[in-house]
Amino acid sequence: YTLKRCKEYMCPYVGSRGRPISDDRIFSASSFFNHRHDAHEFFFLEGNIENVSGDGLQMLVLLFLFGLSIPIEVVTSSVDLVEVDVLIEAGLLRQSPARASDILAEVQIFPIGPADLFADLPEKQSAGENDCTCLFVTDFPLESMRLSRNAVMPVGYDTLELLSLSADGRNSGRILDVCCGCGIQGIFAWKASQMGQLGKKSSLILTDINERAVHFATANLALNIVSQEAHAVCNDLFDGLDDDKFDLIVSNPPFVAVPAFSTPQLQPALYAVGGGTDGMGLLRRLFASCLPFLKCNEASTLLMVTEVPNVEHSCEMLRCFLSKEHRDKVELRVSYVEDDVE
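To convert, take the position in the sequence shown, counting from 1, and add 11; that gives this note's numbering.
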């Protein structure tokens, strides 16, 4: 269950629609879900579902990446019935509310490793010291219509951009992931740090204001066998961290502008995109309060992905978000990604 294998399964579905896939193209978890209609048409409308019989991996990809609803007898032709029962008991699969004879995945499971982002990683990644592919459990995108309150954001291209920054193997002893969601940014940075300093240990703290996100992050820590020096906590940004100092802070905070509203019932639905009325509310708060939690040395780093207007003036704008005593003590760099495309 690697991204390379999952992409190999994607090619026939998308390619049959006349849209060839280049070899160097990277798919996000959201992109797999967005292509679910191609997969459904390829298998069910064109009659190719019988070809999956006996291929358990492909069946898991259809369930846990594309989010298809599949008849139970088709699933058990590829995945042992006992294993299906275990997945149902664990809450990972469930009966479809639309068709009782179908089952569907309750969560999306996305595989990603440093080798998926960089073709020229050093040989140390093949030394067997660390398993390079990570698995991340999170909610499906909002369009799936089967999410609970306070849904955890799926893995999109903004997340992959942040992973590419944190995957350089920098020697980070203490790592903090703020607004962690499912924990993918912090866990990936921890894995990359372990690859960059073999034999040394890094610690990791994941924080999110959403209790459901903390549950996902805790599960992903266990799933990826992250150090016992790692845990997830339900905090609003840096609350509760006291005087902790970190070598690396990563963050992918909500940055979608949300109009002011007075209906409390809307709050759960807007949690994951709640960047304030201009989309930069959390960005301001994070910049204003992050520096006391970074160690005082040149290697200490905050890595963040967000959206800002007028990117050519973004450094000046971000510097204004810092408290006055810190504005001349930090170096700001902005990497602009013109297109979020597959």
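Just so it is clear, CB atoms sit at the ideal spot from N, CA and C, and this is done for glycine as well.
The structure displayed is predicted, hence computed values, not measured ones.
Residues sharing a beta bridge with residue i, DSSP
{"i": "A241", "result": "L215"}
{"i": "L305", "result": "F257"}
{"i": "Q106", "result": "I114"}
{"i": "Q119", "result": "T149"}
{"i": "S262", "result": "V189, M315"}
Residue i - containing alpha helix (DSSP H), residue span
{"i": "R295", "result": "292 to 301"}
{"i": "R223", "result": "222 to 234"}
{"i": "F332", "result": "325 to 332"}
{"i": "E336", "result": "Looking at the DSSP string, E336 is not in any alpha helix (DSSP H), and its letter there is neither H nor E."}
{"i": "T170", "result": "168 to 177"}
{"i": "D127", "result": "125 to 128"}
{"i": "E342", "result": "Counting along the chain, E342 falls outside any alpha helix (DSSP H), and DSSP gives it neither H nor E."}
{"i": "D96", "result": "92 to 100"}
{"i": "V85", "result": "83 to 86"}
C-beta atoms of residue i and residue j nearer than 8 Å
{"i": "A268", "j": "G251", "result": "no"}
{"i": "I186", "j": "G197", "result": "yes"}
{"i": "F77", "j": "F53", "result": "no"}
{"i": "V148", "j": "N263", "result": "no"}
{"i": "L293", "j": "C301", "result": "no"}
{"i": "A200", "j": "L217", "result": "no"}
{"i": "N221", "j": "V261", "result": "no"}
{"i": "V85", "j": "I60", "result": "yes"}
{"i": "I114", "j": "I83", "result": "yes"}
{"i": "V93", "j": "F121", "result": "no"}
{"i": "L174", "j": "L128", "result": "yes"}
{"i": "L215", "j": "S39", "result": "no"}
{"i": "S80", "j": "P152", "result": "no"}
N-terminal and C-terminal residue of the beta strand (DSSP E) that residue i is part of
{"i": "L314", "result": "312 to 315"}
{"i": "L187", "result": "185 to 189"}
Member of the options whose CA lies at the smallest distance from the CA of residue i
{"i": "F298", "options": "G124, A271, L248", "result": "L248"}
{"i": "T229", "options": "G192, L103, E342", "result": "G192"}
{"i": "L74", "options": "R295, D253, M21, H226", "result": "M21"}
{"i": "E323", "options": "T288, V348, S214, G184", "result": "V348"}
{"i": "Q161", "options": "E19, A241, N235, F227", "result": "What sits at residue 161 in the sequence shown is Asn, not Gln. That would be F227, whose Cα lies nearest to the Cα of N161."}
{"i": "V316", "options": "H48, D169, S64, F55", "result": "D169"}
{"i": "F257", "options": "E309, M206, S88", "result": "E309"}
{"i": "L68", "options": "R16, L128, N246", "result": "R16"}
{"i": "L14", "options": "A126, L174, A224, A233", "result": "A126"}
{"i": "R223", "options": "D150, D253, C326", "result": "D150"}
{"i": "N246", "options": "D188, E240, I236, S204", "result": "D188"}
{"i": "D66", "options": "D91, E100, V118", "result": "D91"}
{"i": "L176", "options": "G184, L104, T144, A203", "result": "A203"}
{"i": "P265", "options": "S311, R295, G102, D339", "result": "R295"}
{"i": "L305", "options": "E318, C145, D254", "result": "D254"}
{"i": "C307", "options": "I81, L259, V319, A50", "result": "L259"}
Any non-hydrogen atom of the ligand GTP within 7 Å of residue i CB
{"i": "K202", "result": "The ligand GTP is not part of the structure shown, which contains no ligands of any sort."}
Alpha helix (DSSP H) runs wholly inside the region 13 to 81, at least 4 long, in chain order: 14 to 26, 40 to 45, 47 to 51, 67 to 75
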